[in-house]
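Number of protein chains: 2
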Amino acid sequence: MVDAITLYMLDKPGVLKKLSDYIAKKNINIVYTYMHVESKGYASTYLELDHVEDITELITGLKSFPEVINVESSSSMDKVWGKRIIIIGGGAQVSQVALGAITEADRHNIRGERISVDTLPLAGEQKLEEAVRAVCSLSRVGVLVLAGSLMGGSIVNAIDEVKKSGIKVISLNMVGSVRDHADLVVTDPVQAGVMAVMTVANTAKFDIDRVNEVL
Amino acid sequence: MVDAITLYMLDKPGVLKKLSDYIAKKNINIVYTYMHVESKGYASTYLELDHVEDITELITGLKSFPEVINVESSSSMDKVWGKRIIIIGGGAQVSQVALGAITEADRHNIRGERISVDTLPLAGEQKLEEAVRAVCSLSRVGVLVLAGSLMGGSIVNAIDEVKKSGIKVISLNMVGSVRDHADLVVTDPVQAGVMAVMTVANTAKFDIDRVNEVL
Chain A
631 MVDAITLYML
641 DKPGVLKKLS
651 DYIAKKNINI
661 VYTYMHVESK
671 GYASTYLELD
681 HVEDITELIT
691 GLKSFPEVIN
701 VESSSSMDKV
711 WGKRIIIIGG
721 GAQVSQVALG
731 AITEADRHNI
741 RGERISVDTL
751 PLAGEQKLEE
761 AVRAVCSLSR
771 VGVLVLAGSL
781 MGGSIVNAID
791 EVKKSGIKVI
801 SLNMVGSVRD
811 HADLVVTDPV
821 QAGVMAVMTV
831 ANTAKFDIDR
841 VNEVL
Chain B
631 MVDAITLYML
641 DKPGVLKKLS
651 DYIAKKNINI
661 VYTYMHVESK
671 GYASTYLELD
681 HVEDITELIT
691 GLKSFPEVIN
701 VESSSSMDKV
711 WGKRIIIIGG
721 GAQVSQVALG
731 AITEADRHNI
741 RGERISVDTL
751 PLAGEQKLEE
761 AVRAVCSLSR
771 VGVLVLAGSL
781 MGGSIVNAID
791 EVKKSGIKVI
801 SLNMVGSVRD
811 HADLVVTDPV
821 QAGVMAVMTV
831 ANTAKFDIDR
841 VNEVL
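Order-wise, the sequence lines are chains A and B.
Take 631 as the starting number for the first sequence in the working numbering and just add one per residue.
Take 631 as the starting number for the second sequence in the working numbering and just add one per residue.
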């Protein structure tokens, strides 16, 4: 269980380091940070922290620093955005996979789960390889769906990395070697999207590893 | 211009702090970190760094630490995922906005830009308020689209925060006070998605602030 806070602070060298050191001295792990400049001289840093014993006491302590304007408790990304489905490929097909995934996610989110559907319409072997590899650096990804008509070449190396990191890969039934490296191949893009969400949903009885056919 | 690296390291207390201190001593700003446990005893940390004079020298220096297994140069999130459109609301309508946005983003991404479309199908005033507020903590968001049929109440407070942070807000033409707080109101969800992307795209001549009608 992570705690999330947002620090509003002076945008000066060493400020974030000073505050991070204070947090670390309490044996708290900082597992996520995103700092951006709000306006001239002021920055905002969103942090996710693990192993916080007393979040109220931490916030009070951080507020006592002269460089800190304010500290707010925030909702964690897992609570708001939940598990992620990433869909990459040609726009027409990404849209249809998204249609299926969003509709299915809606059904689960309305019953208390949290699943979000993120898309990147992109073409070109090198660009796709780079994007697929970058999926490994994103938090909370459960499934990657490759939605296109022709995908192969060096993209498969990136797919193998994604699978090694624990993310399941669904591919549309298309031309090229990518489909041979997927955990599941689905012909109907809408169904592919639905199945991607079923793969991560708590309340679905779908086990992607038990499907041994092309749908 | 940020540089991105991925550290593969031992998952032990103080390791990330030790490496962050080393980076900070070189007057490099750490603007983004995401750490996760890869397997028992090993962690992976993705970092984005600002003001790096010599990335090769930094990587070599980090590799010299005994706790570090490997360091790789990575593609930054801005390069891979680019500018973001976030679409939140009822599944049916989020899907249609996504259809428009993905199709339009495809047209720009094929010409060298990078725009991604992220969605969260969600209902309920408190949940929507929380999610809209959380948009401010995400990186690279250009536009938020609220896609529903009835939205009001406390959601508008969160919308005002989003707008203050520089993100444009598009609302579907729906019942409730949310539409009165948006920068732009659009009736056709597909068009709303297209316009959201046009708002952020470099190559589009669309200026959202010059539209003074409900479409």
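Don't be surprised by glycine CBs; every beta carbon is placed ideally from N, CA and C.
If you're wondering where the values come from, they're calculated on a predicted model, not measured in any experiment.
What V747(A) touches in chain B, judged by beta-carbon distance under 7 angstroms, is T749, going in chain order. M639(B) and L780(B) have their alpha carbons spaced roughly 48 angstroms apart. Taking the CA atoms as reference points, S704(B) sits about 20 angstroms from T749(A). For D748(B), the pairing in a beta bridge is given by DSSP as D748(A) and I716(B). Apart from sequence neighbours up to five positions away, the residues of its chain that approach V816(A) with a beta-carbon distance below 8 angstroms are I800, S801, L802, N803, A822, M825, V844 and L845, ordered along the chain. Within the stretch 650-667 of chain B, those residues whose Cβ lies closer than 9 angstroms to any Cβ of chain A are, in chain order, S650, D651, A654, N657, N659, I660, V661, Y662, T663, Y664, M665 and H666.
Along the stretch 728-740 of chain B, going in chain order, the ones with a CB nearer than 7 angstroms to a CB of chain A are A728, L729, I732, T733, A735, D736, N739 and I740.
Against chain B, the CB of T829(A) has no partner CB under 8 angstroms away; the residue lies outside that interface.
Rounded to the nearest whole angstrom, the CA to CA distance from K835(B) to E743(B) is 15 angstroms. Residue pairing by DSSP places I660(B) opposite L679(B) in a beta bridge. Residue environment: Q756(B) is assigned as exposed (fewer than 16 neighbouring CB atoms within 10 Å of its CB, all protein chains considered). With a beta-carbon spacing of about 18 angstroms, G778(B) and I797(B) fall beyond the 8 angstroms limit used to define contacts. DSSP places L774(A) inside the beta strand (DSSP E), whose first and last residues are V771 to A777.
Nearest to A731(A) by C-alpha distance, out of S746(A), A761(A), L677(A) and A673(A), is S746(A). If you ignore the 5 residues before and after M828(B), its C-beta comes within less than 7 angstroms of the C-beta of E734, A834 and F836, all in its own chain and listed in chain order. The C-beta distance from V661(B) to L679(B) rounds to 7 angstroms, short enough to fall under 8 angstroms. Per DSSP, the beta bridge partners of S801(B) are L776(B) and V815(B). For the 8 angstroms CB-CB criterion, V775(A) and I715(A) form a contact.
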